[in-house]
Amino acid sequence: MILDMQRFLESARPIWKELELGLTHLEHDPDPQWDLARTEAFYRLYQQTSAHLAEVRHLTSERELRGYLEQLVARSYASIYVRGRERGRGRWWQWFTAAFPVAVRRHAAALALSAGLFLVGCAFGAVALKIDPTAKATLLPFGHGQQTPTERVKKEMVDQGKNISQARGRFSAQLMTHNTRVAFFTLGLGMTFGLGTIVLLFYNGVIMGAISVDYIADGQLVFLLGWILPHGSVEIPAILLAGQAGLVLGHALIGWGNRLPRRLRLRAVLPDLVTMAGGIAVLMVWAGVIESFFSQYHEPVIPYALKIGFGVVEMAALALFLIRGGANESTL
Amino acid sequence: MKALYNEAKLELRTPEGMEFTLPLAGPVSRLLALAIDMAVVMVAGSVVQKVIAVLAAFNADAAQGLGTVLYFVISMLYSILAEWLWQGQTLGKRLLGIRVMDRDGLPIHLSQIVVRNLLRPVDMLPAFYLVGGLAALGTRYGQRVGDLAANTVVVRARQLEPPDWQKLLAGKFNSMLEHPHLAARLRQRTAPELAGVALDALVRRDQLEDSARIELFRELAGIFRRLVEFPAEAVEALSDEQYVRNAVEILHRSR
Numbered sequence: 162m163i164l165d166m167q168r169f170l171e172s173a174r175p176i177w178k179e180l181e182l183g184l185t186h187l188e189h190d191p192d193p194q195w196d197l198a199r200t201e202a203f204y205r206l207y208q209q210t211s212a213h214l215a216e217v218r219h220l221t222s223e224r225e226l227r228g229y230l231e232q233l234v235a236r237s238y239a240s241i242y243v244r245g246r247e248r249g250r251g252r253w254w255q256w257f258t259a260a261f262p263v264a265v266r267r268h269a270a271a272l273a274l275s276a277g278l279f280l281v282g283c284a285f286g287a288v289a290l291k292i293d294p295t296a297k298a299t300l301l302p303f304g305h306g307q308q309t310p311t312e313r314v315k316k317e318m319v320d321q322g323k324n325i326s327q328a329r330g331r332f333s334a335q336l337m338t339h340n341t342r343v344a345f346f347t348l349g350l351g352m353t354f355g356l357g358t359i360v361l362l363f364y365n366g367v368i369m370g371a372i373s374v375d376y377i378a379d380g381q382l383v384f385l386l387g388w389i390l391p392h393g394s395v396e397i398p399a400i401l402l403a404g405q406a407g408l409v410l411g412h413a414l415i416g417w418g419n420r421l422p423r424r425l426r427l428r429a430v431l432p433d434l435v436t437m438a439g440g441i442a443v444l445m446v447w448a449g450v451i452e453s454f455f456s457q458y459h460e461p462v463i464p465y466a467l468k469i470g471f472g473v474v475e476m477a478a479l480a481l482f483l484i485r486g487g488a489n490e491s492t493l
Numbered sequence: 025m026k027a028l029y030n031e032a033k034l035e036l037r038t039p040e041g042m043e044f045t046l047p048l049a050g051p052v053s054r055l056l057a058l059a060i061d062m063a064v065v066m067v068a069g070s071v072v073q074k075v076i077a078v079l080a081a082f083n084a085d086a087a088q089g090l091g092t093v094l095y096f097v098i099s100m101l102y103s104i105l106a107e108w109l110w111q112g113q114t115l116g117k118r119l120l121g122i123r124v125m126d127r128d129g130l131p132i133h134l135s136q137i138v139v140r141n142l143l144r145p146v147d148m149l150p151a152f153y154l155v156g157g158l159a160a161l162g163t164r165y166g167q168r169v170g171d172l173a174a175n176t177v178v179v180r181a182r183q184l185e186p187p188d189w190q191k192l193l194a195g196k197f198n199s200m201l202e203h204p205h206l207a208a209r210l211r212q213r214t215a216p217e218l219a220g221v222a223l224d225a226l227v228r229r230d231q232l233e234d235s236a237r238i239e240l241f242r243e244l245a246g247i248f249r250r251l252v253e254f255p256a257e258a259v260e261a262l263s264d265e266q267y268v269r270n271a272v273e274i275l276h277r278s279r
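Residue numbers (the numbering used here), protein chains in the order written: chain A, 162 to 493; chain B, 25 to 279.
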């Protein structure tokens, strides 16, 4: 012990006590309306306590005192150096209508890559089924491999949606939650340096390509469009956006063309990832409702022309929204 | 038995140049916190199911759909909302005294909370949080994949009580100061260079290897012992390092 502990404690303890009082106040009210003098006084207390910690660390072997002061300094540091507010805050509708499309556009190259990977998957699925029709049961999930498209269309015309009419709510909820989970998983797999995201995008493309070829080859193109377009015109872009977010995450992890440390690269993309995840969830909810309450009804209940037209309008509106949304907002 | 996990600390440096450490939460406390949080979600889910069972009497399909959505929302939002409202803590983390913090020792932002929880399914792969557990054990700051993406760490949040001041002062007297004439002789005979080296050794003690530290203080204590011989009852219980501390206090303390 080199410090005169008695004298040291006599002079320092009132400072620590005052700092503790300030900290307790700040931890209960992180945004207090302190004037400049109060803020400066608090900062001085923090600086003085930091200096005391340095003295204690070097001039005594008091572990308990050192731990106490380290904790005071750590809490003060966390209270003083709070990072600025994140961009994109504001009312929810503004977040969705402006921040979301702006975030999507900020990473347009990743969206293009995501769409490209999906299309490559589509091409692979289409060619694979064309070359080897027996692969249908392997490539197509959800029982599509059990019947031909024509058999399904006939069945749907007889059922007229009765098979689902008693379970539309449950079916819709399952679609929403399942698709949102898949989308978030696609995003999260960006942490595999983007490889997991790439695989999922490609796999979804394979299914889409194989289903398309199956229905077209069986002469059921109109049914296919009427079935897929109403919900797919939102659900498929939502999957592509999830892939985009995963690729953004993977890119931040790898750091091509960016010399910042990894954690700063990741920190930079976090707000956009959250905004995109929220937007994707909203799109998935919409797609789930449409798939359950609209897509599953076919002619003669709902004319195909109406379903296809609805899907085309939705797709155009979504594209316009993502291209133009938030264009006039300068702060996003 | 050797522990499989050694306490890890997050070392930080403030812009003022002050260094401090935050103790990281161990795997067991994190696992227990997770188990509690999973139980909370299950209980909330079962309450939802009871409510849904009542509502099903009016419209079974809508009630079941609502139940599915509500359970999904609870399981997704519980951790996010709790960590947002309780500044990095869920119920489990509160009970276990641990907290999520920014990797730089700052409070976490909402975007960090959302991302670390969105990536939970990746941590859960292939089962029983294997990926997350291996990542936490394999990374320097015990970060699972979600933590790595969000730049967060889980620290022990236990607030230390102020030390017992009386205890701190008691028994800390310098036995060598009980002999002021010998202390004065030590001041007189000690070269300024030696006083500087001894102080430097104490300041940098934590940076020295254990064996080097023991050797250094043995040498320094030997030099001081040879300079002035204090009565045995004043110094016999002192370790070499404590002997040097007492000597340095005599040399550097203002009289």
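Cβ atoms here follow ideal geometry from the backbone N, Cα and C, with glycine treated the same way. Predicted model, so just to flag it, every value in this text is computed and none were measured.
Beta-carbon gap between residue i and residue j smaller than 8 angstroms
i: G387 of chain A; j: K468 of chain A; result: yes
i: L348 of chain A; j: A264 of chain A; result: no
i: L233 of chain A; j: L180 of chain A; result: yes
i: A202 of chain A; j: T341 of chain A; result: no
i: G370 of chain A; j: C283 of chain A; result: yes
i: A287 of chain A; j: L300 of chain A; result: no
i: P193 of chain A; j: L184 of chain A; result: no
i: D126 of chain B; j: R331 of chain A; result: no
i: L201 of chain B; j: I274 of chain B; result: yes
i: M337 of chain A; j: M445 of chain A; result: yes
i: V462 of chain A; j: Q321 of chain A; result: yes
i: Q88 of chain B; j: A81 of chain B; result: no
i: D61 of chain B; j: S103 of chain B; result: yes
i: S275 of chain A; j: F454 of chain A; result: no
i: V179 of chain B; j: R123 of chain B; result: yes
i: L161 of chain B; j: V155 of chain B; result: no
i: L431 of chain A; j: V139 of chain B; result: yes
i: L479 of chain A; j: F279 of chain A; result: no
Through-space distance from residue j to residue i, alpha-carbon basis
i: G249 of chain A; j: A271 of chain A; result: Any reading at G249 of chain A needs caution, since the residue's pLDDT is 49, under 50, leaving its predicted position unreliable; the model's value is listed next. Distance between the alpha carbons of G249 of chain A and A271 of chain A is about 21 angstroms.
i: A344 of chain A; j: H268 of chain A; result: 17 angstroms
i: G440 of chain A; j: V383 of chain A; result: 30 angstroms
i: A32 of chain B; j: R229 of chain B; result: 20 angstroms
i: M166 of chain A; j: R174 of chain A; result: 11 angstroms
i: H339 of chain A; j: F96 of chain B; result: 9 angstroms
i: G311 of chain A; j: N141 of chain B; result: Sequence check: residue 311 of chain A is Thr here, not Gly. If you take the alpha carbons of T311 of chain A and N141 of chain B, they lie about 44 angstroms apart.
i: M25 of chain B; j: D234 of chain B; result: Model confidence at M25 of chain B stands at a pLDDT of 48, short of 50, so the residue's coordinates are unreliable; what they give is reported in the following sentence. Using only the alpha carbons, I get a separation of about 22 angstroms.
i: H276 of chain B; j: A219 of chain B; result: 8 angstroms
i: V367 of chain A; j: R54 of chain B; result: 40 angstroms
i: L206 of chain A; j: Q113 of chain B; result: 28 angstroms
i: D147 of chain B; j: L119 of chain B; result: 23 angstroms
i: E35 of chain B; j: Y238 of chain A; result: 13 angstroms
i: P464 of chain A; j: L158 of chain B; result: 54 angstroms
i: R218 of chain A; j: R227 of chain A; result: 6 angstroms
i: F471 of chain A; j: M66 of chain B; result: 40 angstroms
i: N324 of chain A; j: E460 of chain A; result: 15 angstroms
Of the listed residues the options, nearest to residue i (C-alpha basis)
i: Y165 of chain B; options: B:L119, B:P39, B:T45; result: B:T45
i: N175 of chain B; options: B:L158, B:M148, B:D128; result: B:D128
i: A413 of chain A; options: A:L336, A:R174, A:L350, A:F261; result: A:L350
i: Y364 of chain A; options: A:R252, A:G439, A:G277, A:D433; result: A:G277
i: P191 of chain A; options: B:G157, B:W110, B:R118, B:D171; result: B:W110
i: Y204 of chain A; options: B:L90, B:R118, B:L149, B:E40; result: B:E40
i: E107 of chain B; options: B:P150, B:L94, B:G50, B:P131; result: B:P131
i: V221 of chain B; options: B:Q212, B:A245, B:E233, B:H203; result: B:A245
i: A259 of chain A; options: A:M437, A:S326, A:L421; result: A:M437
i: V409 of chain A; options: A:F354, A:E396, A:K315, A:P294; result: A:F354
i: R294 of chain A; options: A:T309, A:A406, A:V281; result: According to the sequence as given, residue 294 of chain A is Pro; it is not Arg. Of the listed residues, the one whose Cα sits closest to P294 of chain A is A:T309.
i: I389 of chain A; options: A:S456, A:E216, A:G449, A:E171; result: A:S456
i: R168 of chain A; options: A:V360, A:A466, A:H213; result: A:H213
i: V314 of chain A; options: A:A406, A:V474, A:Y458, A:L481; result: A:Y458
Interface residues of chain C facing residue i [CB-CB closer than 7 angstroms]
i: T338 of chain A; result: The structure shown has no chain C; the protein chains it does contain are A and B.
Near the ligand PLP: residue i beta-carbon under 7 angstroms from a heavy atom
i: S103 of chain B; result: What this structure holds is no ligand at all, so the ligand PLP is not there to describe.
Notebook entry, point to check: According to a CB-to-CB cut-off of less than 7 angstroms, which residues of the stretch 207-235 of chain A neighbour chain B?
Noted result: Residues passing the 7 angstroms Cβ filter: Q208, S211, L214, A215, H219, E223, E225, L226, G228, Y229, E231, Q232, V234, A235.
Item checked: Contact list for the stretch 341-365 of chain A against chain B, Cβ threshold 9 angstroms -> Among the residues of the stretch 341-365 of chain A, those with a Cβ less than 9 angstroms away from any Cβ of chain B are T341, R342, F345, F346, L348, G349, L350, G351, M352, T353, G357, in the order of the chain.
Next item on the list: Could you list the residues in the stretch 408-433 of chain A with a C-beta less than 7 angstroms from some C-beta on chain B, going in chain order?
Entry: Identification of residues in the stretch 408-433 of chain A having a C-beta nearer than 7 angstroms to some C-beta of chain B yields L410, R424, L427, R428, L431, P432, given in sequence order.
Notebook entry, point to check: Would you call the stretch 373-392 of chain A and the stretch 480-488 of chain A in contact, with 3 or more CB pairs under 8 angstroms?
Noted result: Touching, no, given that fewer than three Cβ pairs across the two stretches are closer than 8 angstroms.
Check: Three or more C-beta pairs closer than 8 angstroms, one from the stretch 204-213 of chain B and one from the stretch 240-258 of chain B: is that the case here?
Finding: Enough Cβ pairs lie closer than 8 angstroms, so yes.
Next item on the list: Closer than 7 angstroms, Cβ to Cβ, to anything on chain B: give me those residues from the stretch 320-335 of chain A, in chain order.
Entry: Those would be Q327, A328, R329, G330, R331, S333, A334, Q335, in chain order.
Next item on the list: Assess, as a yes-or-no matter, whether the stretch 60-79 of chain B is touched by the stretch 310-330 of chain A under the definition of 3 or more beta carbon pairs within less than 8 angstroms.
Entry: Touching, no, given that fewer than three Cβ pairs across the two stretches are closer than 8 angstroms.
Next item on the list: Please list the residues of the stretch 116-135 of chain B that have a C-beta atom closer than 9 angstroms to any C-beta atom in chain A, keeping them in chain order.
Entry: Look at the stretch 116-135 of chain B: the residues with a C-beta under 9 angstroms from a C-beta of chain A are M125, D126, R127, D128, G129, L130, P131, H133, L134, S135.
Notebook entry, point to check: Relative to chain A, which residues along the stretch 212-241 of chain B have a C-beta separation below 9 angstroms, given in chain order?
Noted result: Answer in chain order: L223, L226, V227, R228, R229, D230.
Next item on the list: Could you name the residues of the stretch 434-463 of chain A whose beta carbon sits closer than 7 angstroms to any beta carbon of chain B, in the order they occur along the chain?
Entry: Listed in sequence order: L434, V435, A438.
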